[in-house]
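Under our numbering, the residues of the sequence shown are numbered 3 to 141, in order. We put the beta carbon where it would ideally sit given N, CA and C, even for glycine. In what follows, a structure is listed as structure tokens, so that the remarks can point back to it.
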Amino acid sequence: MIPKSEAIKKGITIIDSKQSRNALVETLKANFPQVIKDNQVDLKAIATLLGLNDRADIQGYELTFTGKGLANALYSTPTQKLLTLEESFMPPHSTKSSAQTPQNFIIRGDNLDALKLLKSAYTEKIKMIYIDPPYNDKK
């Protein structure tokens, strides 16, 4: 084995394992951001994305349906939308003095996008979400 300095003098490119791992992580971040969680590679997300879920260790029941992999991929992709306050809701029983700032909001829009935005901004701060199914979506 030759020293690293001699290899560099001879024009041999040295690839450190940290450098190559960082390059791979950066490539995954750029092309598949849903597989990076807390700046770490999520191997389960990669397996799900590739359709390589190993079902041998699953015990109990599971909901399966056509398009489940696509639904998981759509859930994993970040949303490009922005949550803006359109209106707030004050319950009729609350008094103005007890609730100066409203704590109830009405969000209109795509359920999945709204839930993604709420998950990132309001984790462990929401007591309840009521999702009204679309009834008048032909505006």
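Taking each of Glu28, Lys39, Leu52 and Lys6 in turn and checking the Cα distance to Leu72, the smallest one comes out for Leu52. Boundaries of the beta strand (DSSP E) around Ile108: Asn106 to Ile108. Our two residues, Asn33 and Ile48, have alpha carbons roughly 12 Å apart in a direct line.
Going by beta carbons, Gln36 and Ser78 fall inside the 9 Å limit. In the three-state scheme derived from DSSP, where H, G and I count as helix and E and B as strand, Lys12 is classed as coil. Where Asn74 is concerned, the enclosing alpha helix (DSSP H) starts and stops at Lys70 to Ser78. Counted as a single uninterrupted DSSP element, the alpha helix (DSSP H) harbouring Asp115 occupies residues Asn113 to Ala123. Between Val27 and Thr15, the alpha-carbon positions lie close to 20 Å from each other. Boundaries of the alpha helix (DSSP H) harbouring Lys46: Leu45 to Leu52, taken from the DSSP string. Between the C-alpha atoms of Asp115 and Leu45 there is a straight-line separation of about 24 Å.
Take the alpha-carbon of Thr66 and the one of Leu117: they are about 22 Å apart.
By the CB criterion at 9 Å, Gly111 and Lys129 fall outside the cutoff.
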